[in-house]
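Taking it in order: structure first as structure tokens, then the write-up.
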Amino acid sequence: MLKKIVLDLETQKEFAEVGGRNKNHLLKVSVCGIYEYQSDKFSAFTEAEIGRLGEILQNADQIIGFNIKDFDFEVLQPYVNFDIHALPYLDIIESVQKHLGHRIGLDSIAQATLGAGKSGNGREAVIYFRNGRMDLLKKYCLDDVRITRDIYDYGLANGKLLYKDFFEIKEVPLGWQEPQPKLAVQKQSALF
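With this note's numbering, letter number 131 in the sequence shown gets 116, and the count goes up by one each step, no holes.
Laid out in structure tokens, this is it:
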């Protein structure tokens, strides 16, 4: 089975505290949640446990997320000793933005595609962290991981996602395919 991982993270700080959205690397990880397809397991990693998460990510055939390239990877990069952007990934927002020409939120896609929305927002996650409510923080993060996984699974199976555009449900066609296992890619490279 492929080593696919769905990833989402929450931060210790808000954008206003670090000088805006172009400084994601300063936000600091409060918790990072993943789902591993191979073991059918959800896990949450605190800031102190990111080293262990880095090993898992390096062995993945694909990392799946929503805005992971420009957000999650930027926040994680200071914690790992490798170029996280070099890992194989599928960023759902990139597929949506490519078709629509603009971004839409995870909640809009989740409500239209899955019939259920997010359980909270990033601002609440920062408050959970500051109040030491790691139980609520991990639950919120893993809820987002679950939603992202379900959206990905739907898009892969149906070749499209749905989103709410004011009062109308619209489609985003997709061309997603299963990734090749890293081992197969490495063997092919060795042949040339």
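Don't be surprised by glycine CBs; every beta carbon is placed ideally from N, CA and C. Treat the numbers as computed from the prediction; the structure is a model and nothing was measured.
Asked, Found
"Cutting at 7 Å between CB atoms, please list the residues of its own chain near L176, excluding the five before and the five after it.", "The pLDDT assigned to L176 is 42, lower than 50, so where the model puts this residue is not dependable, and the model offers no usable value."
"Classify A101 as buried or exposed, calling it buried when 16 or more other Cβ atoms lie within 10 Å of its own Cβ.", "exposed"
"Can you name the residues that DSSP bridges to P158?", "K145"
"Taking the alpha-carbon of Q162 as reference, which of R88, Q47, D129 and E153 has the nearest alpha-carbon?", "Q47"
"Just to confirm, is the Cβ distance from Q36 to F27 under 8 Å?", "Here residue 36 is Gly; the residue named in the question, Gln, does not match the sequence. It is not a contact, given that the beta carbons lie outside the stated cut-off."
"Do you know how far the Cα of L146 is from the Cα of D68?", "30 Å"
"Residue range of the beta strand (DSSP E) that S104 falls in?", "It is not in any beta strand (DSSP E) - S104 carries neither H nor E in the DSSP assignment."
"Please report how far the alpha carbon of L(-13) lies from the alpha carbon of F51, in whole angstroms.", "20 Å"
"Does any residue of chain C have a CB that is nearer than 8 Å to the CB of F67?", "Of the chains in the structure shown, none is chain C; there is only one protein chain."
"Between which residues of its own chain and V(-9) is the CB-CB distance below 7 Å, once the five residues before and five after are set aside?", "I19, Y20, I49, G50, V130, T133, R134 and Y137"
"For V14, which residues does DSSP report across the bridge?", "T(-4)"
"Exposed or buried, what is A95 when buried is set at 16 or more other beta-carbons lying within 10 Å of its beta-carbon?", "buried"
"Taking the alpha carbon of H87 as the reference point, which residue from A45, A110 and V157 has its own alpha carbon closest?", "V157"
"Distance check for K83 and I154, CA to CA, integer angstroms please.", "18 Å"
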